[in-house]
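In the UniProt record's numbering, the protein residues as written are 1 to 285. The beta carbon of each residue, even a glycine, is placed where N, CA and C say it ideally should be. Note that the structure is predicted; figures quoted are calculated from it, not measured.
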C-alpha cells in the first residue's frame with residue numbers, strides 16, 4: 001500500500017492553512033464539520049484530524065505516516081520523527097511576556113522570578129542556556145492571565161500579532177524561538193510510501209514556488225534589453241519577443257516576491273514600460 005495517513009490539527013489557523021495547501025496541490029477531499037477522518041478522492045492520502053499536541057506522538061507511533069504541526073510543538077515534545085519540510089505558513093514566535101510597565105532590559109531580570117508557560121521544555125532549555133534560575137509554572141491554557149492573578153511574574157507563550165499580550169496588560173520582552181508549520185514523517189515508511197511522499201513534496205514545492213514569485217511582462221526599447229535582462233534573470237533567462245512597433249520588444253520573466261518593488265523601480269529606470277505583473281499558481285523549477 002502506498003497510501004499515506006497525514007495528521008492535521010482539527011481546528012484553528014494551522015488547520016486552515018494546512019488544508020488550503022493540500023487543496024492548492026490539487027488534492028480533492030471532503031472533510032465535513034466534526035469529522036475526524038477523510039480520504040482524498042484523487043491522491044493516495046488519508047486525513048486524521050487531531051489535537052496539534054498529539055500529532056508528533058501519533059507520527060512516532062505509526063498511527064499516522066505524516067503530520068503537519070507547529071515547529072514549536074515538535075521541539076517541545078521531542079518525538080522521534082523526521083522533519084521533512086518547513087512549510088512557510090502559520091509563522092509565529094515563542095516569546096517572554098512581561099507587564100507593560102516593567103522596564104525590562106534583559107533575560108537576566110527573570111532570575112529568581114516565576115514564569116507561566118505551556119512550553120516548559122523549550123523555556124527550561126532557554127533559561128538553562130542563559131544561566132537563569134527561574135520557577136516554571138506549567139499551565140495548559142490562558143497563559144496570559146497568569147501575572148494578573150498573581151500566579152507568575154512573566155509568561156512564555158506563542159505570539160503572532162502581540163494583540164493577546166497587549167489586551168492582558170503585557171508586552172513582548174524576549175523572543176525564545178521562531179516557529180512555522182512543518183511537515184514531519186515517521187521513520188519507517190515503505191518504499192512505495194516514500195514515492196507517494198515525494199509526489200506530495202513535488203506538488204507542495206510547486207505551490208510554494210508560485211507564491212514566492214510573480215510573473216512579469218513588460219515592453220522595452222531594444223537598446224535597453226541587455227540592461228533589463230540583467231535585472232530579470234528569471235528561471236533561466238527572460239523570454240524576448242519582438243513587438244509590431246519597430247525597435248521595441250516584449251519581455252516575459254519571473255521576479256521574486258520579496259524583491260518585487262525594488263526590481264520594478266530599476267526596470268522603470270532602465271526604460272521598461274507597460275509593466276504587467278500576475279500571480280503564479282504553480283511553478284515547476
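Exclusion of the five residues before and after residue 24 leaves 207 as the residues of its chain whose Cβ lies within less than 7 Å of its Cβ.
Note on the UniProt domain "ATP phosphoribosyltransferase catalytic" (51-205): whole beta strand (DSSP E) runs with a minimum of 3 residues are 66-70, 82-86, 92-99, 114-117, 135-138, 154-159, 170-179 and 181-185, in chain order.
In this structure, 152 is the residue among 152, 35, 19 and 100 with its C-alpha nearest to the C-alpha of residue 112. Between the C-alpha atoms of residue 94 and residue 117 there is a straight-line separation of about 10 Å. Under a 10 Å Cβ-count criterion, residue 157 is classified as buried, with 16 or more other Cβ atoms of the shown protein chains found around its own Cβ. With respect to residue 185, residue 84 sits close: the two C-beta atoms are nearer than 9 Å. Looking at the DSSP output, residue 285 bridges to nothing. A straight line joining the alpha-carbon of residue 104 with that of residue 146 spans about 18 Å. When only Cα atoms are considered, residue 220 and residue 254 end up about 16 Å apart.
In the three-state reduction of the DSSP assignment, residue 230 falls in the helix class. Counting along the chain, no alpha helix (DSSP H) covers residue 256; the unbroken beta strand (DSSP E) around it starts and ends at 248-256. The beta carbon of residue 26 is closer than 7 Å to those of 203 in its chain, skipping five residues each way along the sequence.
Residues of the same chain with a CB within less than 6 Å of the CB of residue 4, apart from the 5 flanking positions on each side, are 45, 65, 66, 193 and 196 in chain order. Residue pairing for residue 46: DSSP places it in a beta bridge opposite 5 and 39. Residue 198 counts as exposed, since fewer than 16 other C-beta atoms from the protein chains shown sit within 10 angstroms of its C-beta. By the beta-carbon neighbour count (other beta carbons within 10 angstroms, threshold 16), residue 149 is exposed. As computed with DSSP, residue 279 is found in a beta bridge with 214. Linking residue 136 to residue 63 through their CA atoms gives a straight-line distance of about 32 Å. Judged by DSSP secondary structure, residue 267 falls within the alpha helix (DSSP H) whose first and last residues are 260-269. In the three-state scheme derived from DSSP, where H, G and I count as helix and E and B as strand, residue 31 is classed as coil.
Pairing residue 102 with residue 121, the inter-Cα distance amounts to about 25 Å. DSSP, read as helix, strand or coil, puts residue 244 in coil.
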